[in-house]
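Everything on this sheet refers to the single structure shown next.
Numbering (this note's numbering), first residue to last: 2 to 84.
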């Protein structure tokens, strides 16, 4: 067996597309009616939350829904996103 298997160069089909900026990634996909989510977490790891007011977020143009932890379903994970 004279073929060199280990250490042999492998020509990948996707390389040219990716290195020239023509690659398509999941983040590039947009569908009709598609929404985006943003999670804002406290910058203070062990702080006790006294009050949360999502009113300002709800008033922003384009916001469809803003949730606050006091009203959130208890099945949410630590990041506030359902399982």
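Virtual Cβ for every residue (Gly too), placed ideally from N, Cα, C.
Going along the chain, which residues of its own chain have a beta-carbon closer than 7 Å to the beta-carbon of residue i, five neighbours each way excluded?
i: residue 59; result: 67
i: residue 64; result: 58
Got a sec, what are the start and stop residues for the alpha helix (DSSP H) residue i sits in?
i: residue 6; result: Premise fails: residue 6 is in no alpha helix (DSSP H) and is neither H nor E.
Once the 5 residues before and after residue i are set aside, which same chain residues still bring their CB inside 6 Å of it?
i: residue 24; result: 18
key: Minimum length 4: unbroken alpha helix (DSSP H) runs contained in the segment 18-66   = 56-60
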